[in-house]
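Note sheet for the following structure.
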Amino acid sequence: MNTIEQDIEKYLNGEMTKEETTVFLKKIDADSGAKRMLELYEEMDTVYDEKNWELIDRNITYKKVEHYENFLKSDSGEKVSEAILKAEHSYFEESRPSKIKQTLLYVGAIAAVFIAGLFLTNQFNNTINGDQLYAEYKNWNVLPSLTLRDGAGDLTNIEKLFRDKRYEESLVLLKAYVSDNDQKINPQILLYLGVTQLELDQNEAAISSFTKLRNSNTLDVPKAHWYLALCYLKLNDLEKAKSELNLLIGSNISFQQNKAKELLEKLN
Amino acid sequence: MANQKRDDYLLQSLIMGDDKGIKEIYRKLYPKIKAYIVSHDGSEDDAKDIMQKALLQLSARAQDKDFRITSSFDGYFVTICKNLWRRAAKLSKSRVTNEGVIDLVHEEREIALAAYEQEKWELFQEKLLGISQNCREVLAFFFNKVPYMQIAEKLGYATENTVRQRIFKCKSKLKEAIHSDARYNELREL
Numbered sequence: 440m441n442t443i444e445q446d447i448e449k450y451l452n453g454e455m456t457k458e459e460t461t462v463f464l465k466k467i468d469a470d471s472g473a474k475r476m477l478e479l480y481e482e483m484d485t486v487y488d489e490k491n492w493e494l495i496d497r498n499i500t501y502k503k504v505e506h507y508e509n510f511l512k513s514d515s516g517e518k519v520s521e522a523i524l525k526a527e528h529s530y531f532e533e534s535r536p537s538k539i540k541q542t543l544l545y546v547g548a549i550a551a552v553f554i555a556g557l558f559l560t561n562q563f564n565n566t567i568n569g570d571q572l573y574a575e576y577k578n579w580n581v582l583p584s585l586t587l588r589d590g591a592g593d594l595t596n597i598e599k600l601f602r603d604k605r606y607e608e609s610l611v612l613l614k615a616y617v618s619d620n621d622q623k624i625n626p627q628i629l630l631y632l633g634v635t636q637l638e639l640d641q642n643e644a645a646i647s648s649f650t651k652l653r654n655s656n657t658l659d660v661p662k663a664h665w666y667l668a669l670c671y672l673k674l675n676d677l678e679k680a681k682s683e684l685n686l687l688i689g690s691n692i693s694f695q696q697n698k699a700k701e702l703l704e705k706l707n
Numbered sequence: 030m031a032n033q034k035r036d037d038y039l040l041q042s043l044i045m046g047d048d049k050g051i052k053e054i055y056r057k058l059y060p061k062i063k064a065y066i067v068s069h070d071g072s073e074d075d076a077k078d079i080m081q082k083a084l085l086q087l088s089a090r091a092q093d094k095d096f097r098i099t100s101s102f103d104g105y106f107v108t109i110c111k112n113l114w115r116r117a118a119k120l121s122k123s124r125v126t127n128e129g130v131i132d133l134v135h136e137e138r139e140i141a142l143a144a145y146e147q148e149k150w151e152l153f154q155e156k157l158l159g160i161s162q163n164c165r166e167v168l169a170f171f172f173n174k175v176p177y178m179q180i181a182e183k184l185g186y187a188t189e190n191t192v193r194q195r196i197f198k199c200k201s202k203l204k205e206a207i208h209s210d211a212r213y214n215e216l217r218e219l
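These protein sequences, in sequence, are chains A and B. Each residue of the first sequence is one higher than the last, beginning at 440 in the working numbering. Each residue of the second sequence is one higher than the last, beginning at 30 in the working numbering.
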C-alpha cells in the first residue's frame with residue numbers, strides 16, 4: 440500500500456489537519472495519477488452508498504453522454520420516443536373502465552352523492568380531502584442530508600433512523616440534540632423534528648416546530664410555510680393551508696414553488 | 030412465449046420503437062414501478078415520468094450492438110427505475126440545498142446523463158461482486174456509513190483499527206479492479 444493511498448483515505452475520512460490538507464491538495468494537483476486515484480475513491484464512496492446517487496459533473500462532456508444524446512435527438516430516437524408515448528397512451532386508455540362500466544360508476548357515484556346529501560348538511564363546502572392531498576404531496580426526499588463523512592455523529596444517526604422510518608427513535612435523538620443546542624436554531628434539525636412529529640401524528644407539536652422555524656432569522660423561513668401547509672392539510676384546515684402556500688409563493692424562493700402553485704389550484 | 034424469447038422481444042421493441050412491444054412492458058411492469066414510487070414518497074405522475082425516462086434511457090443504451098442484459102428484463106428494468114428515483118431525489122436535494130448548482134438541462138441531455146450514470150453504476154456493481162465475500166461485507170457497511178465500532182461488532186473484529194485496515198485493503202483492491210477495466214477508461218473518454 441503506498442503513501443498516497445493512505446493519504447487519500449485520511450483525507451476522505453476527514454482525518455487531516457488544515458495544514459496536512461493544504462499539502463495533500465497541492466501534491467494531488469501536481470500529480471495527475473494521484474488526482475485520478477482520488478477521483479476514483481470519491482466515486483466509490485458515492486456509487487456504493489445505497490442512499491446516494493452519483494451525479495456526474497455536467498461541465499464535462501463525456502463521449503458516451505454525447506453519443507446517447509445524439510441518438511435521442513436523431514430521427515430514430517424520436518421514433519422511439521413517439522412509440523413510448525403511443526404505448527403509454529394506449530396502456531392507460533385500456534386500464535380505464537369500459538364505457539358501460541363508466542356509466543354504471545357515474546350512476547353509482549351520483550346516487551352515493553345524493554344519499555350522502557341527505558345526511559350531510561354542513562359539509563358541502565369542504566369536499567376537498569386535505570388528508571389525501573397531504574399524503575400526495577408529502578415528499579421527505581427533499582429534506583437536506585444531515586450526514587457527515589465520518590458517519591458516526593448524532594446527526595448521521597438521526598438521519599439514518601429517519602430514513603429507515605424509525606421515527607420514535609429518531610425523535611428521541613432529535614429532542615436531545617435540540618436541548619443540547621438550545622441557544623442556536625438549526626433549521627435543518629427543526630425540519631426533521633417537525634416532519635418526524637407529523638409522521639408520529641403529533642400534529643400540534645409539528646406545527647410548533649415549523650412555527651419556530653418560521654419565526655427564526657434563518658434563510659429557511661420560507662420552507663416553514665410549505666411544511667406548515669402540509670400540517671394544516673393533514674388536519675383538514677384548508678384555509679390555513681392556503682394562507683401558508685400563498686406566503687411561500689410570495690417569498691419567491693425556488694423551493695417547492697411549482698408544487699405550491701399546483702396545490703393551491705387544487706384547493707381553490 | 031419462453032422467458033428469454035419474451036425478454037429479447039421486449040428489448041428489441043425498445044431498440045426499434047415498436048409501440049406494441051413497449052405496451053407489453055407497460056402492462057407487465059408499470060404496476061410494479063408505480064407501487065415502488067408511491068411507497069417511496071412519490072406520486073403517480075412521478076411513476077409515469079420515471080417509466081418514460083427509463084424506457085428512453087434503455088433504448089439509447091441498447092442501440093449499441095454489444096449491449097446485453099445479463100439478468101431478466103423485468104429485474105433489470107425495475108433496477109433502472111429505482112435508480113432513476115434515487116437520482117431524482119438527489120437532484121432535488123442538491124437543488125434545494127444548493128450543493129453545487131445543478132443547472133436544468135434539456136430532456137435528452139438529462140436522459141443521456143442518467144444513462145451514463147447507470148452504466149457506470151452497473152460497472153461498479155459488477156466489480157464489487159468480483160472481490161471476496163468478506164471484503165464485500167465490510168465495504169457494504171463502510172459505504173453505507175455504519176460506524177467503525179459497529180462494523181467491528183457485527184463482523185467480529187477485535188478493534189476499530191483492524192476494521193480500518195481491512196477497509197483500506199478492500200477499497201484498494203476494488204479500486205484496482207475498476208481502474209484496470211477498459212470500460213472504466215472508455216466511460217472517462219472526453
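Idealized CB from N, CA, C, for every residue including glycine.
Using only CA atoms, which one of the options lies nearest to residue i?
{"i": "K502 (chain A)", "options": "B:K82, B:Y145, B:K202 and B:K174", "result": "B:Y145"}
{"i": "N173 (chain B)", "options": "A:T595, A:N578 and A:A574", "result": "A:T595"}
{"i": "D570 (chain A)", "options": "A:I495, A:N642 and A:V486", "result": "A:N642"}
{"i": "K200 (chain B)", "options": "B:R165, B:A211 and B:K82", "result": "B:R165"}
{"i": "I567 (chain A)", "options": "A:V611, A:G547 and A:N675", "result": "A:N675"}
{"i": "K156 (chain B)", "options": "B:K202, B:K52 and B:F102", "result": "B:K202"}
{"i": "E489 (chain A)", "options": "B:I98, B:R115 and B:P60", "result": "B:R115"}
{"i": "E448 (chain A)", "options": "B:H208, B:S209, B:Q194 and B:K61", "result": "B:Q194"}
{"i": "G579 (chain A)", "options": "A:R602, A:F649 and A:L585", "result": "Per the sequence shown, the amino acid found at residue 579 (chain A) is Trp instead of Gly. W579 (chain A) has its Cα closest to that of A:R602, out of A:R602, A:F649 and A:L585."}
{"i": "I140 (chain B)", "options": "A:E533, A:G516 and A:F531", "result": "A:G516"}
{"i": "K204 (chain B)", "options": "A:L477, A:V617 and A:A668", "result": "A:L477"}
{"i": "I495 (chain A)", "options": "B:L120, B:S72 and B:A83", "result": "B:L120"}
{"i": "E704 (chain A)", "options": "A:S690, A:M483, A:S584 and A:E678", "result": "A:E678"}
{"i": "I160 (chain B)", "options": "B:A206, B:Y59 and B:G46", "result": "B:A206"}
{"i": "K474 (chain A)", "options": "A:D619, A:E575, A:V581 and A:I443", "result": "A:I443"}
{"i": "I467 (chain A)", "options": "A:Y450, A:S648 and A:M483", "result": "A:Y450"}
At least one CB of chain B closer than 8 Å to the CB of residue i: is that the case?
{"i": "E508 (chain A)", "result": "yes"}
{"i": "F563 (chain A)", "result": "Since pLDDT at F563 (chain A) reaches only 45, below the 50 mark, its modelled position is unreliable, and no value is offered."}
{"i": "S655 (chain A)", "result": "no"}
{"i": "W492 (chain A)", "result": "yes"}
{"i": "T500 (chain A)", "result": "yes"}
{"i": "D514 (chain A)", "result": "no"}
{"i": "T560 (chain A)", "result": "Any reading at T560 (chain A) must be qualified, since the residue scores a pLDDT of 48, below 50, and its modelled position is unreliable; the value itself is stated next. Not one chain B Cβ lies under 8 Å of T560 (chain A)."}
{"i": "A522 (chain A)", "result": "yes"}
{"i": "D488 (chain A)", "result": "yes"}
{"i": "E607 (chain A)", "result": "no"}
{"i": "S690 (chain A)", "result": "no"}
{"i": "M483 (chain A)", "result": "yes"}
{"i": "Y666 (chain A)", "result": "no"}
{"i": "E454 (chain A)", "result": "no"}
{"i": "K525 (chain A)", "result": "yes"}
{"i": "L677 (chain A)", "result": "no"}
{"i": "T726 (chain A)", "result": "With chain A covering 440 to 707 only, the question about residue 726 (chain A) has no answer from this structure."}
{"i": "V504 (chain A)", "result": "yes"}
{"i": "Y671 (chain A)", "result": "no"}
{"i": "L511 (chain A)", "result": "yes"}
So with Cβ pairs under 8 Å, would you call residue i a contact of chain A?
{"i": "K183 (chain B)", "result": "no"}
{"i": "R162 (chain B)", "result": "Correcting the residue type first, residue 162 (chain B) is Gln in the shown sequence and not Arg. Not closer than 8 Å to any Cβ of chain A, the Cβ of Q162 (chain B) fails to qualify, so no."}
{"i": "L219 (chain B)", "result": "yes"}
{"i": "N173 (chain B)", "result": "yes"}
{"i": "D103 (chain B)", "result": "no"}
{"i": "I140 (chain B)", "result": "yes"}
{"i": "L157 (chain B)", "result": "yes"}
{"i": "F106 (chain B)", "result": "no"}
{"i": "A89 (chain B)", "result": "yes"}
{"i": "K111 (chain B)", "result": "no"}
{"i": "K57 (chain B)", "result": "no"}
{"i": "R195 (chain B)", "result": "no"}
{"i": "K119 (chain B)", "result": "yes"}
{"i": "E146 (chain B)", "result": "yes"}
### Task
Could you list the residues in the region 37–52 of chain B with a C-beta less than 9 Å from some C-beta on chain A, going in chain order?
S42, L43, I44, M45, G46, D47, D48, K49, G50, I51 and K52
#### Entry: Start-end ranges of the alpha helix (DSSP H) lying completely within the region 480–547 of chain A, minimum 4 residues
502–512 and 514–534
### Query
Mind listing which residues of the region 202–215 of chain B have their C-beta closer than 7 Å to chain A's C-betas, in chain order?
L203, K204, I207 and H208
### Query
Using a Cβ cut-off of 9 Å, which residues of the region 571–584 of chain A contact any Cβ in chain B, in chain order?
E575, Y576, K577, N578, W579, N580, V581, L582, P583 and S584
### Query
Three or more C-beta pairs closer than 8 Å, one from the region 509–526 of chain A and one from the region 78–90 of chain B: is that the case here?
yes
#### Entry: the region 512–523 of chain A in contact with the region 143–158 of chain B per 3-pair CB rule at 8 Å
no
### Query
Is the region 654–666 of chain A touching the region 677–686 of chain A, taking contact as three or more C-beta pairs under 8 Å?
yes
### Message
Using 8 Å as the cut-off, can you tell me whether the region 59–71 of chain B makes contact with the region 104–113 of chain B, which would need three or more C-beta pairs spanning the two stretches below that distance?
### Response
yes
### Query
Is the region 593–611 of chain A touching the region 625–637 of chain A in the sense that three or more CB pairs, one from each, lie closer than 8 Å?
yes
### Task
Ignoring anything shorter than 4 residues or poking outside the region 596–621 of chain A, list the alpha helix (DSSP H) runs there in chain order.
606–619
### Task
Could you say if the region 95–103 of chain B and the region 36–43 of chain B meet the contact criterion of at least three C-beta pairs nearer than 8 Å?
yes
### Task
With 7 Å as the limit, tell me which residues of the region 626–647 of chain A have their beta carbon closer than that to any beta carbon of chain B; keep them in chain order.
none
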